[in-house]
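Going line by line, the protein sequences match chains A and B.
For the first sequence, counting from 1, position 10 maps to 10 in full-length UniProt numbering; every step adds exactly one.
For the second sequence, counting from 1, position 218 maps to 218 in full-length UniProt numbering; every step adds exactly one.
We put the beta carbon where it would ideally sit given N, CA and C, even for glycine.
Accompanying notes for the structure given below.
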Amino acid sequence: MRTATPGQIEIAFKGQPGSSPLDAHFSVPAKGVTAIFGPTGCGKTAVARCIAGLEHLPTGFCAIDGEVWQDETTFRPPHLRPIGYVFQHASLFPHLSVKRNLLYGARKAEPTPNAFEEVIELMGIAPLLDRSPALLTGGEQQRIAIGRALLSQPRLLVMDEPLAALDRRAKSEILPFLERLHEKVALPMIYITHDMVEIERLANHLVIMERGTVTAAGPLHVLQTDPALPLAASREAAVSLDAVVGGYDGRYGLLILRVKGARVLVPAAPLPPGVHQRLRVAARDVSVAREPPRANSIVNVFPARIKASLPLGAGEITLVLALGGSGTEILARITRFSFDSLGLKDGMDVFAQVEGVMLVSASEPPLRTIVASTPAGDAGQPSPVP
Amino acid sequence: MELFSAEIWQSLGLTIELASLTTLVLLIVGTPLAWWLARSKSLWAKAVGTIIALPLVLPPTVLGLYLLFMLGPNGPGGFLASIWGWRTLAFTFAGLVVGSVLCAVPFVVQPIRNAFATMGNRPLEVAATLRASPLYAFFTVALPLARPGLLTAAVLGVAHTTGAFGLVLMIGGNVPGRTKVLPAFLFDYVQASRWREASSLGGGMVMFAFAAILTLTLIEKYSARRST
């Protein structure tokens with residue numbers, strides 16, 4: 001019999017939950033956001049439903065942070081799993097007010113007034129409390145559904161394409177809330193999506209699925225730069241980097257960020273030092289030079305080594321670059337013409353010129369009460385903000 | 001008030017009593033049955049669903065015939081009756097309730113079953129992920145969401161039982177104060193050529209039917225507005 005490892009989300013499901021077979025297994029840390037990514041019909045929702053116990057495959061293993069929810073002999077029914085589940089459609093109870101929807105899952109463990117206030121504040125739903133769900137917009141409904149899941153004091157939050165049913169405006173309205181959620185609530189999350197943009201903003205870990213099986217699982221950044229995976233070779237390839245604010249150059253309006261050893265300068269509004277900041281560096285915004293550039297308008301230039309080169313169509317090549325010192329990997333998109341005329345090859349030392357860095361989210365210190373409501377010794381404890 | 005004798009007021013009371021008792025029994029028994037029929041995929045559910053739909057197409061007299069066998073001294077109803085010293089359940093109020101319940105089953109179960117089927121699985125799944133046990137979810141989510149269906153079922157149950165005549169004819173026995181309900185009275189009036197009384201009673205029943213159907217329409221309108 002398989003034993004559960006504390007601090008891990010361990011999943012193995014095999015069977016036929018719907019029309020297509022599923023054979024998915026992976027193990028990721030029970031901390032931060034794990035995105036499950038894949039095309040429609042690849043079985044990612046089936047995995048989420050199996051984790052929640054809404055689907056019962058006879059052959060399955062599911063352990064969350066050392067606690068077995070399903071194995072050969074055990075199957076905990078969904079209402080006995082400390083899980084919060086956000087469906088694609090908000091599915092608020094139409095016969096209950098917003099407030100009673102929020103408190104539906106909080107019967108057994110009455111939330112402290114503080115926790116309630118904080119969830120309300122976190123999701124920005126205070127003005128909606130006495131309304132009827134039918135009169136709210138899709139974005140508002142989904143925020144309430146997330147708040148409702150949080151108030152049931154789960155130890156794992158599963159979100160099944162929470163933005164997929166929303167229009168573009170509602171999507172961009174909710175994403176900042178999800179980012180705040182991710183920053184402020186020390187709760188492991190599983191986030192199902194087919195949209196790489198959401199993953200680049202939110203995820204720490206990534207599970208890639210295809211036709212019912214898991215093709216890769218690991219830290220987001222590692223999978224983004226893995227030459228063997230389709231992400232690095234795609235046209236929209238980018239890396240997500242987690243940076244810490246080191247300071248601010250007021251004279252030029254430049255934010256100074258540290259990514260492992262490297263220093264990155266970005267024109268932006270000032271942020272207090274120590275704040276965590278997610279960056280997105282698109283492959284198409286990175287070029288390479290063989291000589292250290294002397295007269296150059298590009299601010300962020302790093303010595304780097306070419307780890308791999310992947311053809312993209314007939315005319316372009318995506319390079320996987322390991323930055324000197326930190327070993328952080330980024331991607332660069334260049335033409336095959338440049339590749340040949342510069343005489344580039346794998347293993348060569350070059351200079352990476354990063355022309356554009358996107359700040360995708362800023363964090364605030366974690367909320368105390370929601371953190372305190374998770375069991376002591378939980379792997380999801382926040383790292384203290386320096 | 002001169003028009004109707006004391007007898008007819010007694011009959012009206014009896015009719016109301018029969019209709020409400022029948023509907024109450026049907027709501028209590030029919031709701032879990034409808035729940036099972038709406039959610040089970042087994043062949044049994046299909047078979048049971050078909051059996052309870054039979055009263056829709058069978059003439060009430062056919063049902064009455066079999067009920068007479070069942071409730072009579074040689075049937076299980078007779079055996080039951082013998083426990084408290086009666087000879088038979090036929091031609092008694094209790095027997096009439098049993099018969100009315102069986103006759104009105106499809107009219108009550110079908111709307112509730114539809115209500116459960118329309119809401120789908122999702123609300124219950126949501127409830128389960130919010131720590132609601134299946135029983136708790138049934139009472140706090142499924143039943144409130146099925147309320148329009150339950151109301152429709154109640155109105156149909158009352159209306160159908162009030163108007164049932166064929167069955168009463170077969171197993172009621174037309175005993176004043178025990179089984180002589182309004183439709184039976186109407187029949188008697190006609191037999192006795194008391195046309196004035198007959199048409200007054202008939203008119204009253206038409207008005208009742210009109211009110212019942214109007215109520216149904218309003219329920220539908222109300223629930224449609226709530227679900228948008």
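Among the options, which residue has its Cα nearest to the Cα of residue i?
i, options, result
"residue 219 of chain A", "A:198, A:212, A:211, A:241", "A:241"
"residue 39 of chain A", "A:148, A:208, A:176, A:168", "A:208"
"residue 82 of chain A", "A:344, A:150, A:231, A:300", "A:150"
"residue 157 of chain B", "B:39, B:56, B:44, B:50", "B:56"
"residue 107 of chain B", "B:194, B:155, B:171", "B:155"
"residue 288 of chain A", "A:306, A:186, A:164, A:175", "A:306"
"residue 330 of chain A", "A:50, A:354, A:181, A:154", "A:354"
"residue 168 of chain B", "B:100, B:176, B:134", "B:100"
"residue 53 of chain B", "B:140, B:43, B:109", "B:109"
"residue 215 of chain A", "A:229, A:171, A:221", "A:229"
"residue 347 of chain A", "A:314, A:341, A:309, A:357", "A:309"
"residue 148 of chain B", "B:192, B:123, B:166, B:219", "B:219"
Do residue i and residue j have their C-beta atoms closer together than 9 angstroms?
i, j, result
"residue 390 of chain A", "residue 178 of chain A", "Past the edges of chain A, shown from 1 to 386, lies residue 390 of chain A, and the structure says nothing about it."
"residue 85 of chain A", "residue 129 of chain B", "yes"
"residue 25 of chain A", "residue 36 of chain A", "no"
"residue 30 of chain B", "residue 67 of chain B", "no"
"residue 360 of chain A", "residue 201 of chain A", "yes"
"residue 133 of chain A", "residue 94 of chain A", "yes"
"residue 38 of chain B", "residue 117 of chain B", "yes"
"residue 323 of chain A", "residue 339 of chain A", "no"
"residue 22 of chain A", "residue 32 of chain A", "no"
"residue 239 of chain A", "residue 265 of chain A", "no"
"residue 350 of chain A", "residue 263 of chain A", "no"
"residue 136 of chain A", "residue 92 of chain A", "yes"
"residue 201 of chain B", "residue 8 of chain B", "yes"
"residue 104 of chain A", "residue 148 of chain A", "yes"
"residue 178 of chain B", "residue 152 of chain A", "no"
"residue 225 of chain A", "residue 217 of chain A", "no"
"residue 49 of chain A", "residue 160 of chain A", "yes"
"residue 207 of chain B", "residue 65 of chain B", "no"
"residue 162 of chain A", "residue 125 of chain B", "no"
What do you get for residue i, buried or exposed, if any count of 16 or more other CB atoms within 10 angstroms of its CB means buried?
i, result
"residue 213 of chain B", "exposed"
"residue 101 of chain A", "buried"
"residue 43 of chain A", "buried"
"residue 92 of chain B", "buried"
"residue 13 of chain B", "exposed"
"residue 189 of chain B", "buried"
"residue 326 of chain A", "exposed"
"residue 41 of chain B", "exposed"
"residue 294 of chain A", "exposed"
"residue 222 of chain B", "exposed"
"residue 345 of chain A", "exposed"
"residue 252 of chain A", "exposed"
"residue 297 of chain A", "exposed"
"residue 87 of chain A", "buried"
Only counting the same chain, and skipping five residues up and downstream in sequence, which positions put a Cβ closer than 7 angstroms to that of residue i?
i, result
"residue 30 of chain A", "7, 8, 9, 64, 65, 188, 379, 380"
"residue 69 of chain B", "75"
"residue 211 of chain B", "none"
"residue 104 of chain B", "22, 26, 157, 160, 161"
"residue 73 of chain B", "87, 88"
What residues in its chain sit with their C-beta under 8 angstroms from that of residue i, if we drop five residues either side in the sequence?
i, result
"residue 76 of chain A", "53, 69, 70"
"residue 1 of chain B", "For residue 1 of chain B, the predicted model reports a pLDDT of 44, less than 50, meaning its position is unreliable and no value from the coordinates is stated."
"residue 130 of chain A", "97, 98, 99"
"residue 150 of chain B", "27, 31, 111, 112, 115, 143"
"residue 316 of chain A", "333, 334, 335, 336"
"residue 143 of chain A", "123, 124, 125, 174, 177"
"residue 236 of chain A", "196, 282"
"residue 271 of chain A", "245, 248, 255, 277, 362"
"residue 45 of chain B", "36, 37"
"residue 205 of chain B", "162, 163, 182, 183, 186"
Take residue i and list the residues in its own chain whose beta-carbon comes closer than 6 angstroms to its own, dropping the five residues that flank it on each side.
i, result
"residue 4 of chain A", "63, 66, 68"
"residue 180 of chain B", "11, 174"
"residue 120 of chain A", "126"
"residue 61 of chain A", "2, 12, 71"
"residue 71 of chain B", "77, 89, 90, 95"
Could you check whether the Cβ of residue i sits closer than 9 angstroms to any Cβ belonging to chain C?
i, result
"residue 39 of chain B", "The displayed structure is made up of protein chains A and B, and chain C is not among them."
Got a sec: which bits of the region 114 to 131 of chain B sit with their beta carbon under 8 angstroms from any beta carbon on chain A, in order along the chain?
So the close ones are 122, 123, 125, 126, 127, 128, 129, 130, 131.
According to a CB-to-CB cut-off of less than 7 angstroms, which residues of the region 49 to 83 of chain A neighbour chain B?
52, 54, 78, 79, 83: these are the residues of the region 49 to 83 of chain A whose beta carbon lies less than 7 angstroms from some beta carbon of chain B, given in chain order.
Taking Cβ-Cβ distances below 9 angstroms as the criterion, which residues of the UniProt domain "Mop" (295 to 363) of chain A are in contact with chain B?
For the UniProt domain "Mop" (295 to 363) of chain A, there are no residues whose beta carbon sits under 9 angstroms from a beta carbon of chain B.
Name, going along the chain, the residues of the region 139 to 151 of chain B whose beta-carbon falls closer than 9 angstroms to a beta-carbon of chain A.
Correct list: 140, 141, 144, 145, 147.
Residues, ordered as in the chain, of the region 103 to 125 of chain A that lie near chain B by beta-carbon distance below 8 angstroms:
Residues are counted here when their Cβ sits less than 8 angstroms from a Cβ of chain B; for the region 103 to 125 of chain A these are 104, 105, 107, 108, given in chain order.
At a CB distance below 7 angstroms, what residues from the region 1 to 14 of chain A approach chain B? Give them in sequence order.
Cβ contacts with chain B: none found.
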